[in-house]
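Have a look at the structure below before the remarks.
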Amino acid sequence: MDIFINTTQSKYKIYLDCIALKNLNEFIASKKEYKNIIVITDSNVDHFIGNSFNLKNYKLYKYVIEAGEKSKNIETYYKIIRYLTSIKVDRHDLIIALGGGVVGDLAGFVASTYMRGVDYIQIPTSLLAMVDSSIGSKTAINTEDGKNLIGSFYNPRAVFIDFAYLKTLPQKEFLNGLSETIKASIIKDRKLFELIIESDLNNEEIIKKIVKRSIEIKKEIVERDLKETKERQLLNFGHTIGHALEKLSDYTLPHGYGVAIGMAMITRGYYRMGKTDEKTYKRVEEILRKNHLPTHGSYSTEDLYSEILKDKKSNGNKINIIYPKLIGDCRIDTVDKSNLLKLLKHCL
């Protein structure tokens, strides 16, 4: 079930449905250049699996951050850089990102910038990280002004997806990741949408199928457009509003929940403007509600407007908004910022 990602930057392998630590050992053993290995993880993941590593012939270090989006900042980044310097990490060493999206984004950005680039590996432990943040080469940290405003495109050497880690997730965190699989289905695959909405999501084999197809969708898009100049923008469906909601909540709103609200709001708005049909609008609402994901935010259009103006997807006085024409068929709408507030009012 392995998947290869082949971008203009480099090629790497996703070991899908593997035993992560076993495959990791085999992978590292085949690479004789590494001397030191540094695991970056968070306090939640460390509690469950942080002491499971048994890597022979390497000096192993571990850096644990506080769990949560608030750790994905310049201060934590700099502390890790200072730590790597203190233990004399160089370009011949390896960083392992062990955790969810926050750990993967942060550790990836550290790897991409320390000494202008150190090898790293992604071991995603959350559903959200498995289907989204560990795939596609994006790394980033947040600032006071917005989410992921400092970042880079930097490929890992490999990604190891071990479904056993999903058993450690609370239900809310599982649903947080499910939101990204729903997004993938709405933008590109009606059959995946039907699988999610009709299936028993307690069935492990069903989850494996959903994860695999979600990764394949992202792979297909990223390979054609790594730097998000055209088609990759479709992957931002729900994210423009979602990121604004996360920031307004001071990151107490989980990413997937923000994306769910964003998808619902954009679909609602474009339905009211006559660009999305009623059936599509109702199906998007149905799949989110069936899976206990929110469809409405609690902030004003003015607050959302203010945050969205800082979005990375801005281009001068315009911004690209992704909306569903049909299930499996999303479109890019270039909107004048002068009309954005009016658009947002349709979305409430």
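Numbering (UniProt numbering), first residue to last: 1 to 348. Yeah, the Cβ is synthetic: ideal placement off N, Cα and C, and Gly gets one too.
Contact between residue 153 and residue 137 holds, since their C-beta atoms are separated by about 5 Å, short of 8 Å. Around the beta carbon of residue 179, 16 or more other beta carbons sit within 10 angstroms, so the residue counts as buried. Between residue 42 and residue 66, the C-beta gap is smaller than 8 Å, which places the two residues in contact. Just so you know, the alpha carbons of residue 196 and residue 32 end up roughly 42 Å apart.
Going by C-alpha positions, residue 168 is about 29 Å away from residue 241. If you compare the alpha carbons of 15, 333, 336 and 341 with that of residue 156, the shortest gap goes to 15.
If you draw a 10 Å sphere on the C-beta of residue 143, you find fewer than 16 other C-beta atoms in it, and that means exposed. Exposure of residue 48 is indicated by the presence of fewer than 16 other C-beta atoms within 10 angstroms of its C-beta.
Boundaries of the beta strand (DSSP E) harbouring residue 41: 36 to 42, taken from the DSSP string.
Contact between residue 36 and residue 77 does not hold, since their C-beta atoms are separated by about 19 Å, which reaches or exceeds 8 Å. Residue 256 is a Cβ neighbour of residue 128, given a cutoff of 8 Å. In the DSSP annotation of this structure, the continuous segment of the beta strand (DSSP E) that includes residue 139 starts and ends at 138 to 143. Boundaries of the beta strand (DSSP E) around residue 119: 119 to 124. In the DSSP assignment, residue 331 falls within the beta strand (DSSP E) that extends over 329 to 336. In the DSSP annotation of this structure, the continuous segment of the beta strand (DSSP E) that includes residue 321 starts and ends at 318 to 326. Under the Cβ criterion (8 Å, minimum of three pairs), the region 259 to 279 does not count as touching the region 193 to 210. Per DSSP, residue 152 lies in no alpha helix (DSSP H) segment; the continuous beta strand (DSSP E) that holds it begins and ends at 146 to 153. The DSSP-derived three-state label of residue 14 is strand. Short of 7 Å from the beta carbon of residue 72, and not among the five residues preceding or following it, lie these beta carbons of its own chain, in chain order: 102, 105, 106, 141 and 142. The C-alpha of residue 252 is placed about 37 Å away from the C-alpha of residue 28.
Straight-line spacing of the CA atoms in residue 82 and residue 39 works out to 15 Å.
A straight line joining the alpha-carbon of residue 8 with that of residue 222 spans about 10 Å. Excluding the 5 residues flanking it on each side, residue 13 has same chain C-beta neighbours closer than 7 Å at 2, 4 and 158, in chain order. For residue 176, the uninterrupted alpha helix (DSSP H) segment begins and ends at 171 to 188.
Looking at the DSSP output, residue 99 sits in a beta bridge with 124. When the five nearest sequence neighbours on each side are left out, the beta carbons in the same chain lying within less than 7 Å of the beta carbon of residue 122 are those of 97, 104, 134, 156 and 159, in order along the chain. Comparing alpha carbon positions, the residue from 323, 304 and 295 closest to residue 188 is 323. The three-state secondary structure of residue 199, taken from DSSP, is coil. In the pairwise beta carbon analysis, the region 297 to 304 is classified as not touching the region 317 to 336: fewer than three pairs are separated by under 8 Å. Here residue 134 carries a coil assignment [DSSP, helix/strand/coil].
The DSSP assignment places no complete run of the beta strand (DSSP E) inside the region 208 to 289 (cut-off: 3 residues). Per DSSP, the continuous beta strand (DSSP E) segment holding residue 158 begins and ends at 158 to 161. Between the alpha carbons of residue 113 and residue 279 lies a distance of about 46 Å.
Ranked by Cα distance from residue 58, the options 314, 183 and 95 are led by 95.
Counting only the Cα atoms, residue 116 lies some 20 Å from residue 63.
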